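S.K.:
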Amino acid sequence: MVERWRLLDTGLNDAFYNMALDEAIVIARSKGIVPNTLRFFRWDPSSVSIGYFQSMEEEVDIEACNRLGIDYVRRRTGGGAVYHDREGELTYSLIINEDHRLISKDFQKTYETLCLGLVKGLRLLGVPAEFKPINDIVVNGKKISGNAQTRGMNVVHQHGTILRNVDPTLMFTVLNVPSEKIRDKMIKSVEERVTSVEKYLGRDVSFEELKSALIMGFKESFDIELSSGEITDFEKQTALKLKREKYSTREWNFRR
Amino acid sequence: MFRSEYKVEGGKMIKVQLNKDDGRICAIKITGDFFMHPEELIEDLERSLIGCPLDETIIIETIRNFIEVRGMTLLGVAPEDFARCIIKAGEGIG
Chain A
86 MVERWRLLDT
96 GLNDAFYNMA
106 LDEAIVIARS
116 KGIVPNTLRF
126 FRWDPSSVSI
136 GYFQSMEEEV
146 DIEACNRLGI
156 DYVRRRTGGG
166 AVYHDREGEL
176 TYSLIINEDH
186 RLISKDFQKT
196 YETLCLGLVK
206 GLRLLGVPAE
216 FKPINDIVVN
226 GKKISGNAQT
236 RGMNVVHQHG
246 TILRNVDPTL
256 MFTVLNVPSE
266 KIRDKMIKSV
276 EERVTSVEKY
286 LGRDVSFEEL
296 KSALIMGFKE
306 SFDIELSSGE
316 ITDFEKQTAL
326 KLKREKYSTR
336 EWNFRR
Chain B
886 MFRSEYKVEG
896 GKMIKVQLNK
906 DDGRICAIKI
916 TGDFFMHPEE
926 LIEDLERSLI
936 GCPLDETIII
946 ETIRNFIEVR
956 GMTLLGVAPE
966 DFARCIIKAG
976 EGIG
């Protein structure tokens, strides 16, 4: 009997709804309302997300974000600050019940197992990706994907980015750097440390092509079937409430 | 407020802000790009360090004890790293 998961593609949404919907799916999964889920999404407008333990004021150039119309949001997961470019980045989430065969008690092991779905998908595209502990995927040592995981309500939630193309200048316009003097140096070093699907392959790769490859990768790596689905009414309502009461509030975003 | 930053071997960053009184921590905030589960325990961990002397061994012991009692998991960072960053902030170079 093949194991069937739900595939969601929620397209472009703002940062607050995107983070709220992830949590809403976790709640729905914990109540048993929905199956294990793979979600793809993008950000409109482009946004910055910071890790649960980071300080918004320290990590993000708020003034630059406001000027450029870039939103900023705190995630429910740890890890670092990420610039999510509307055109350059694909984001995914996995929401899986904690007693599933793919989930280990060991966080590091679970990162590796779940990231291998992405690694396989990237390889199908011709990108020789490798998992790099703790939570990265690299190509020839250059980062192409960052991932973050949390658990609660008997559900594992992992989300992460896959760079389709990359603009390090914008990345360091919206993220704070230790001093202005080293901004250029950091932009240069990002060019050396980070790559993208298009940069590696040297050709255009559409979001559709990237998603198709990743779907194949997850199916093969996890030994599952993925059926396209929609979010339930419960998830939609919960997400709108979480956006309003949590992710769009100053209290949450500036709490540390 | 005294501040310090400490980059853990392997890449994670810890930032500490603290106030001290007579060699003891009287206010502390720990931020950074590490992983801690469950996440909500960060504030209790900070509270558990209030009143703690700025002594590396005692801070490590306090954090280890907190992990044990509260069932906290750390990833990308160890109690020793937090302690090092806290001591660095406590030296008050700012």
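In order, the protein sequences belong to chains A and B. For the first sequence, counting from 1, position 165 maps to 250 in this note's numbering; every step adds exactly one. For the second sequence, counting from 1, position 2 maps to 887 in this note's numbering; every step adds exactly one. All C-beta atoms in this analysis are idealised placements derived from N, C-alpha and C, irrespective of residue type, glycine included. Note that this is a predicted model, so its numbers are computed, not measured.
1) Taking the continuous beta strand (DSSP E) assigned at Met921(B), which residues delimit it?
2) According to the Cβ coordinates, are Arg236(A) and Ile180(A) closer than 9 Å?
3) Listing by chain order, which chain A residues have their CB less than 9 Å from the CB of Pro964(B)?
4) Taking a Cβ distance cut-off of 8 Å, strictly less, list which residues of the region 137 to 160 of chain A are near chain B, in chain order.
5) In terms of residue numbering, what span does the alpha helix (DSSP H) encompassing Thr198(A) cover?
6) Helix, strand or coil for Gly979(B)? Go by DSSP, reduced to three states.
7) Under a Cβ-count criterion, where at least 16 other Cβ atoms within 10 Å of its own Cβ denotes burial, should His242(A) be classed as buried or exposed?
8) Excluding the five sequence neighbours on either side, which residues of its own chain have a C-beta within less than 8 Å of the C-beta of Arg208(A), listed in chain order?
9) Rounded to whole angstroms, what is the Cα-Cα separation between Thr258(A) and Pro130(A)?
10) Taking 6 Å as the limit between beta carbons, can you name the residues of its chain near Ser178(A), skipping five residues before and five after?
11) Distance, Cα to Cα, Gly979(B) vs Met886(B)?
12) When DSSP builds the beta bridges, which residues end up paired with Gly231(A)?
13) So is Arg236(A) in contact with chain B if we call contact Cβ pairs under 9 Å?
14) Would you report the Cα separation of Gly331(A) and Lys205(A), rounded to the nearest angstrom?
15) Check whether the Cβ atoms of Arg888(B) and Val901(B) lie closer than 9 Å to each other.
16) Can you tell me whether Glu924(B) is buried or exposed? The criterion is at least 16 other CB atoms within 10 Å of its CB, across all chains shown.
17) I'd like to know whether the C-beta atoms of Glu144(A) and Ala109(A) end up nearer to each other than 9 Å.
18) Once DSSP output is grouped into helix, strand and coil, what is the label at Arg127(A)?
19) May I ask you to report which of helix, strand or coil DSSP gives Phe887(B)?
20) Counting only beta-carbon atoms, is Phe192(A) nearer than 9 Å to chain B?
21) Would you mind sorting Ala105(A) into buried or exposed? The rule is 16 or more other CB atoms within 10 Å of its CB.
22) What does a CB cutoff of less than 7 Å around Glu305(A) pick up in its chain, not counting 5 residues either side in sequence?
23) Quick one: give me the first and last residue of the alpha helix (DSSP H) that Gln243(A) is part of.
24) Pick out whichever of Thr122(A), Val111(A), Tyr102(A) has its Cα sitting closest to the Cα of Ser312(A).
25) Would a check of beta-carbon distances place Leu903(B) closer than 9 Å to chain A?
26) How would you list, in chain order, the residues of chain A whose beta-carbon sits under 8 Å from the beta-carbon of Pro938(B)?
27) Give me the Cβ distance between Arg249(A) and Glu283(A), rounded to the nearest whole Å; I'm assuming they're in contact under 8 Å.
28) State the DSSP-derived secondary structure class of Pro964(B), mapped to helix, strand or coil.
29) Over what stretch of residues does the beta strand (DSSP E) that includes Asp906(B) continue unbroken?
30) Note down the Cα distance separating Lys228(A) from Tyr285(A), rounded to an integer number of angstroms.
31) Take Ser134(A) and list the residues in its own chain whose beta-carbon comes closer than 8 Å to its own, dropping the five residues that flank it on each side.
32) For Gly908(B), decide whether its Cβ has a neighbour in chain A, counting only Cβ atoms nearer than 9 Å.
M.R.: On the basis of the coordinates in this document:
1) 920 to 922
2) no
3) The premise fails here: Pro964(B) is roughly 15 Å from chain A at the closest Cβ pair, so nothing lies under 9 Å.
4) Tyr137, Phe138, Gln139, Ser140, Glu143
5) 192 to 209
6) In this prediction, Gly979(B) scores a pLDDT of 41, lower than 50, which makes its location untrustworthy; the coordinate-derived value is nonetheless stated afterwards. If DSSP states are grouped into helix, strand and coil, Gly979(B) belongs with coil.
7) buried
8) Ala214, Gly302
9) 16 Å
10) Asp107, Arg124, His244
11) Because the pLDDT of Gly979(B) is 41, which lies under 50, any placement of that residue in the model is unreliable, and the number read from its coordinates should be weighed accordingly. Whole-angstrom Cα-Cα distance: 8 Å.
12) Asp221(A)
13) yes
14) The residue you asked about is not Gly; residue 331(A) is Lys in the sequence shown. One C-alpha to the other measures close to 35 Å.
15) yes
16) buried
17) no
18) strand
19) strand
20) yes
21) buried
22) Lys205
23) Gln243(A) -> not in any alpha helix (DSSP H); beta strand (DSSP E) instead, spanning 240 to 248.
24) Thr122(A)
25) no
26) Within chain A, no residue comes near Pro938(B); the closest Cβ sits about 24 Å away, beyond 8 Å.
27) 6 Å
28) helix
29) 898 to 906
30) 11 Å
31) Ala100, Met104, Tyr157, Val158, Arg159, Arg160, Ala166, Val167, His169
32) no
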